[in-house]
Each structure stands twice: as structure tokens, then as C-alpha cells.
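Worksheet for the structure shown next.
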Amino acid sequence: MIHSSDRMQYVHSDIRGPIFREALELQNNGINVLKLNTGNPAAFGFKMPESVYNALHSQELRALGYCDFRGMPEARSAIVEYHKSRGITGIDEDDVFIGNGVSEVVNFALQSMLDSDDEVLVPTPCYSLWSNTVRVCGAKPVFYLCDESSDWYPDCKDIISKITPKTRAIVLINPNNPTGALYPREILLEIARIAKENNLLIFSDEIYDKLVIDGKKFVSIAAIAPDVPVVTMNGLSKSHCLCGFRVGWMVISGPKEATRDYRESIIKLTTLRLCSNALAQLVIPAALADVEYTDSMVRPGGRIYEQSRATVSALDRIPDISCVKNSAAFYVFPKIDAKKHNITDDRKFARDLLHGTHILVVPGSGFEWETPDHFRIVMLPEAEVLEDAVKRIGEFLDGYVQK
Ligand code: PLP
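Using the working numbering, the first residue of the sequence shown is number 172, and each one after it goes up by one.
Listed below in C-alpha cells is the structure:
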């Protein structure tokens, strides 16, 4: 028997985990399953931006060789300009590392800083890439609360109460997956103050920064905290519906001296990987210049706007479900009256829902949420499909008592 690393015992992936595999089995048996588990726009008919198509096909021969381990220079320049336009100062091309998706750069960023027993403050609920990668590094995710009764904003008092001598960093996911929350400037300023006072690095995952609805304004924490070391993550998977291209990056900002050794470790790791997919990097400048592609999805009449609003309104009509309206991204994290339906195991609820309705959702525990009373809906199918799905979830819940 081959020994599996002890660290892997604590790693879980519910988005593509056992319930997902059951859904695939149903599909193999000819059953049509509505899969609301992954934030993968192309699977729901979102098309490739024309700007990206043209950039790819006019330059493909430039991607034959390994490129710079940090990423192609023109792609890194475009990324620097993009983040400067967001207000981040003091950055240049040497501060950017491009990887095969944010998923890969999160690995580089955490592995380069963590020793066993270090602690990282991670939100609950949380896109579990973060908590799981901390575990893979042999370190400990310590969860701070994002408060449903305050629009799912981080609870700064809870953050302070969880800091110990072992704490190394705070993770922010803004806009948030799974809640769709967008954090206000005052909260970001307070988190920056806490990080500075306690000598902590901030990781800010901003992959949904362009998918903001209702005319709200996104604020990048690195822009308002130039005196704090911040690693900002972003990519093209969501804003340009290019999940399969695997394009993500990180930008290191703040006092250079504080991150000097850390950067050297990141360089070591990225050079071991040789380089990130060069073909996909070719499209970065064109994609970042194509503001209209993303804007057209999030304004009234655009798919992401209309689908979000249709889903939230449909959820509002379901007794025993409450839901904080999302301000960004394409997720909501509704709450079920678990007591009334005797729900003590949210994974079982999701499995029963799958078999009862052929709708696949991810239970709250997949996002490190402790109580068995939430699930996440991905709002990427067309509005009518989502409205019908929510209605069917309501009908299922009506007769459901967990045994
Ligand atoms: N970060 C967040 C908050 C996400 O929701 C996702 C994907 O759903 C990722 C990172 C992964 O992005 P990528 O496709 O760039 O690896």
C-alpha cells in the first residue's frame, strides 16, 4: 500500500468531490443533471471574447518556446498597467508572476512563505482553494467570520481575536466566493491597519473584481495600503470566461525590503516550473484592454446581472430559505431553516437534493462553513433555468425532513 501524505487527510474538495462524482454517474445513466457546482462560464454558453480570439490566432507562433519564468514581458506590462489603474502604486514588471490560473499562483505564494504550524487567517465561508492549500503546506488555516447579518463582510473583531504569535498572513477574497459580497473601503482600511500592526502579509484574491453589479465600486486593498506587503491575485478565468486557458497572476506590492527574501523563494518555485502556458499568456494584453466584454455582462440586460437578479428574487419567494443579495461575482450562499427540516448534515442535504431534483449544488461545509445550513448556487445558466431550478429546490425542501 502506498502511503498518502498525512497532510492530505485534511484536504477536501467538495466542488468536484464525492457528490459531484455521483452526479456524473447519474449523467452516465442518461439523467440530465443541472450542475450548479462550478463557476465555469464556458459550460453555460458564454463565448470567447473576439479580442482574445484575434490575439491568439495572430500570434500563436510566438508561443512555441519556454518564456520568461515570471511570464511574457508584454503580458506583465499589461498586468502592471491594469493594477496601476486600480490605484496600486510602486509596482513594475518584476513584481508580477503569471501562472496557470490563480490556483497555481496561490500554491506558489503560500508554499514560499509557510512553515509547518504557521497559521493563516482565512475567511469562513471560503473558496476552499485557500484553506486547502494552507493545509497542503502543512500549516493551519484559522477561520475568521464573514458575517451574514452584515452583508457577509469580514468581522474585524473576530480577525483580531484570532491572531496569535504563529499568524503569518490574512487572506481576503474580494469580491467573495461563495457569498458574492463586495467589501467596502472602511473594512479594507481596518484590515490593512490590523495587518500592519501585527506584521502580517495580506493575500487578496480579486479574481471577480470586474464582475461587480448595481453600479457599486470595487476597491483593491493594495491601493489603499501602500505601506503593507500585499499579494494581489487576479486572472482571466471569470472576467473573460477563459477558465480553460489557465491564466492567473499575482502582483506583490508594498515595502520592497519586507518581501525581498519571500520573492526569492517565489522565483525559485516558479523557475522549477519553467514557465506558465505561453499560448494563453499571448491574450493577456488584449483581454485587459477589452473592458466592454466584461462590462456588457454585468450591466442591466447583461447575462450575469439578469441571472443574479432572477435567482435572488426566486430565492426570496421560497419559504425557509433566506439569502443576502450578491453585489458581485455569480454566486449566492442561501441559508436554509435547518432546524425546521432537521438538517444536521449539509452534505447529505446536497446529495438528497441531487437525487430528488437532479440539481447539483455545493453544501456550505465545502466552503469551510461549520453549521449545516447553507449551500452555494452558481448563477451561470440562463435566468429562466435558474428560476425554475430555485422553484424546484423550494418544492423539494417543502417536503424534506432529514433522516
Ligand atoms: N479564486 C477564487 C475566489 C475562485 O472562485 C476561483 C475559481 O472559482 C479561483 C481563485 C481559481 O481561479 P483560476 O481559474 O484562475 O485558477
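A virtual CB, placed ideally from N, CA and C, is assigned to each residue, including glycine.
With 16 or more other CB atoms across the displayed protein chains lying within 10 angstroms of its CB, VAL561 is buried. For CYS327, the secondary structure class from DSSP, reduced to helix, strand or coil, is helix. The criterion of a C-beta distance shorter than 8 Å is satisfied by LEU281 and CYS308.
By the neighbour-count criterion, in which a residue is buried when 16 or more other Cβ atoms sit within 10 angstroms of its Cβ, MET172 is exposed. Ranking LEU459, ILE373, ALA485, PHE374 by CA distance to the CA of SER256 puts LEU459 first. The three-state secondary structure of SER447, taken from DSSP, is coil.
For ASP376, the uninterrupted beta strand (DSSP E) run begins and ends at 372-376, by DSSP. Here ASN405 is bridged, per DSSP, to TRP420. Of all alpha-carbon atoms in THR542, SER484, GLY242, the one lying nearest the alpha-carbon of LEU450 is that of GLY242. Going down the chain, each residue whose beta-carbon is closer than 6 Å to a heavy atom of ligand 1 shows up: GLY210, GLY272, VAL273, SER274, TYR298, LEU300, ILE344, ASN348, ASP376, ILE378, GLY406, SER408, CYS414, GLY419. Cβ contact annotation for ARG178 (same chain, cutoff 7 Å, sequence separation greater than five): ARG306, VAL307, GLY309, in chain order. The DSSP-derived three-state label of CYS414 is helix. Annotation: ASP516 to PRO543 spans about 6 Å, alpha carbon to alpha carbon. Of the candidates PHE389, ASP385, ASN370, the residue whose Cα lies closest to the Cα of TYR379 is PHE389.
Pairing PRO552 with GLY406, the inter-Cα distance amounts to about 22 Å. DSSP lists PRO534 as the bridge partner or partners of PHE546. Distance from the Cα of ALA481 is smallest, within the candidate group ILE492, ASP491, LYS496, for LYS496.
Counting the other Cβ atoms within 10 Å of the Cβ of GLU221 gives fewer than 16, which makes it exposed.
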